[in-house]
Amino acid sequence: MEKRRFPIRVQLAGMFAVVAALLLLVLGYTLYEFRQAGNEAEIIVTQTSVRLVTVKNAHTEFTRALLDMRGYLFYSDGAAYEQGYRDKIAKSLAMVREVKTQLALPEAREKAENLDKALNQYMVYADTRLFPARKANDPRWLQVAGEGRAMVQEIDENFLQLSEMQKKYLDQSGMAVVESSKTSRNIATTSSIAIILLVIGVVYWYSGNMAKRLGTISRDLAQVGKLDLLGKDLIPAHNDEIGDMGLVINEMRQSLKSFVRQIADNSQTLAASSEELSATVSEHVKAVETVAQSISGIAAGAIQNADNISNISATLEEISAGSEEISAGAAEVNLSTQNAVAEAGKGMEMLAEVVNQNEYINQSMNEITIVTTNLSQGSEKIKGIVDVINGIAAQTNLLALNAAIEAARAGEAGRGFAVVADEVRKLAEQSATATKDIAEIIIKMSEEINFAVASVGKANQEVLKGRESAVTTQEGFKIIIEKLEGVKTGVEQIAVAVDETARGTQTMVVSVENISTVAQKTSENSGTAAASAEEQSAGMLEINQNADNLAHLATDMMGIVKKFKV
18 MEKRRFPIRV QLAGMFAVVA ALLLLVLGYT LYEFRQAGNE AEIIVTQTSV RLVTVKNAHT
78 EFTRALLDMR GYLFYSDGAA YEQGYRDKIA KSLAMVREVK TQLALPEARE KAENLDKALN
138 QYMVYADTRL FPARKANDPR WLQVAGEGRA MVQEIDENFL QLSEMQKKYL DQSGMAVVES
198 SKTSRNIATT SSIAIILLVI GVVYWYSGNM AKRLGTISRD LAQVGKLDLL GKDLIPAHND
258 EIGDMGLVIN EMRQSLKSFV RQIADNSQTL AASSEELSAT VSEHVKAVET VAQSISGIAA
318 GAIQNADNIS NISATLEEIS AGSEEISAGA AEVNLSTQNA VAEAGKGMEM LAEVVNQNEY
378 INQSMNEITI VTTNLSQGSE KIKGIVDVIN GIAAQTNLLA LNAAIEAARA GEAGRGFAVV
438 ADEVRKLAEQ SATATKDIAE IIIKMSEEIN FAVASVGKAN QEVLKGRESA VTTQEGFKII
498 IEKLEGVKTG VEQIAVAVDE TARGTQTMVV SVENISTVAQ KTSENSGTAA ASAEEQSAGM
558 LEINQNADNL AHLATDMMGI VKKFKV
């Protein structure tokens, strides 16, 4: 089952998204805690502090009511003070009741309830006893006024205790808000540090993983750059760009193995064909030398025939002096002519063998041409693969640039990604260097292959020349045989003429002249055949040299192929 693809960009985006989510979570929690602390502080300011101020104001109004009470008791215009007392104590009681409804602590609410009762009791006391006694000028009104001091003291103590409770509650609430703020700050700081450590750990792990994977790819590329193709195929751990690079390296290694093996096989075939061609050409050279020697013998025989004919001409002038000597000379000429015909037949057979050898050489050269053409095509395919590797290196370099840009955007948190980008850039440079070395090797191989193609072409031309020379020589031998047959016939005619000397000396002279003409032509044709044989021998030597050069080229190519470890 194919793994789900996660490009490096998606991986980086996912890491940044997780980090951002954690930071937003911490930020949200911090804002929530600070908002809660703000609400508590607002409650303290708007409620607790206000209640404390209200209690103090109620106490102040009660004190001012007592002052008006004293003014009423001790001043002559006490009616005005009486109304002031009633207003102020009523206002103080209203404040106490307002605070009582807002109190949260049970003991404070109980203290406010006691204060409310004490104020009501004091008001009842003032309305039912103190004011009537003073209005009636009861001599005991001072005693009645003295009874109210204990009530006033109790009310003051209740006010002070309630104020102290509110102040204490205010202090406790403030300290709670401060402690809550400290706790929130500590939690936020701890969470931030934990997230930063988590991010550093994730970045370190991810960077190490990336460096390990890139190091594996770098080692494989270096191994391929050293012409070592024995390494195992990479198994991508993740379906991303680096995994794609590993698959491309596997394909490149397999393609190089296939091409190197094909080149090795073709080189071996080329070497074997070159050796076979060299051996065949050597045999051809020997055959041509033998033919040349035979032709030289024929030429010598033709010259000897011309000499013999000259002797015959001289003998004809002295025919009357020695018929037997002429008969003996004619027999010798007949024997030489038969030998010449036999040698010419052997030369014809050798030339036929040379023609067959040339046909075989032509077939071998055609096979060598096909092999060298396949080698040239293989080198072009390897060049295409090198171009693909160069494209991958360029894409890797672009990927490194994108990663560096993303790392720069990330700031301090992206410093690890900058290291990864730098490793990717180095990998791209190493890939470009390795492909450059391979390209240089392939170019050298292409030059050697092109030189082999050129050498094979020259060898083909020389083979064609040798073939044409052999055909020409064969035709010359046909003419020689025909002429020798004519010589043989002439010699027979000479023998007949010797036997019939008495019947026609003049006819014998004509026959001798015909024989002289034929012998001269035979000598000329023999010289032409000898020159053709020498030319063919030189062509065969050149073909042999080209075959040796081709064998050396095949050996050099095998040396280059052996540099690859397949």
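Numbers 18 to 583, taken from the numbering used here, label the letters of the sequence shown in order. The beta-carbon is built from N, C-alpha and C at its ideal position, and this holds for glycine as well.
Listed in chain order, the non-local C-beta contacts of L69 below 8 Å within the same chain comprise S180, Q183, K184 and L187, local neighbours out to five positions each way being set aside.
V116 and I204 have their alpha carbons spaced roughly 37 Å apart. In the three-state reduction of the DSSP assignment, D565 falls in the helix class, which pools H, G and I. By the neighbour-count criterion, in which 16 or more other beta carbons inside 10 Å mark a residue as buried, K128 falls on the buried side. Three or more beta-carbon pairs separated by less than 8 Å are not found between the region 189 to 205 and the region 224 to 235, which leaves the two stretches without contact.
Boundaries of the alpha helix (DSSP H) around P123: P123 to Y142.
Around S299, the same chain offers N561 as residues with beta carbons nearer than 8 Å, after the five sequence neighbours per side are excluded. L392 counts as buried, since no fewer than 16 other beta carbons sit within 10 angstroms of its beta carbon. Looking at the backbone, the Cα of V35 and that of F23 are separated by about 16 Å. The C-beta of Q491 has 16 or more other C-beta atoms within 10 Å across all chains shown, which makes the residue buried. Taking a contact as a CB-CB distance under 8 Å, the pair I406 and T452 counts as one, their CB atoms being some 4 Å apart.
Counting other Cβ atoms within 10 Å of its Cβ, K105 reaches 16 or more and is therefore classed as buried. Note on D257: 16 or more other CB atoms within 10 angstroms of its CB, so buried under the neighbour-count rule. Between A445 and A410 a beta carbon distance of about 5 Å is seen, short of the 8 Å cut, so the two are scored as contacting.
DSSP places L84 in the uninterrupted alpha helix (DSSP H) bounded by S66 to F91. In the three-state reduction of the DSSP assignment, P253 falls in the coil class. For F148, the enclosing alpha helix (DSSP H) stretches over residues F148 to K152. In this structure, A135 places its C-beta atom within 8 Å of the C-beta atom of E171.
Contact annotation: S235 and Q447 have beta-carbon atoms nearer than 8 Å. Nearest neighbour of M140 by Cα position, chosen from S486, G45 and A107, turns out to be A107.
When V436, T390 and D237 are compared, the shortest CA-CA separation from N467 is found for T390. Taking C-beta atoms as the reference points, D237 and L251 count as a pair closer than 8 Å. By the Cβ criterion, the region 237 to 246 is not in contact with the region 206 to 215, since fewer than three pairs of Cβ atoms, one from each stretch, lie closer than 8 Å. S272 is positioned such that its CB atom lies closer than 8 Å to that of I402.
Taking 8 Å as the cut-off, the Cβ atoms of E440 and L231 count as close. Here DSSP, grouped into helix, strand and coil, assigns D282 to helix.
By the 16-neighbour rule on beta-carbons within 10 angstroms, H76 is buried. In this model, I320 and E335 are separated by some 23 Å (Cα to Cα). Of the candidates G31, R52, L416 and K461, the residue whose Cα lies closest to the Cα of K400 is K461.
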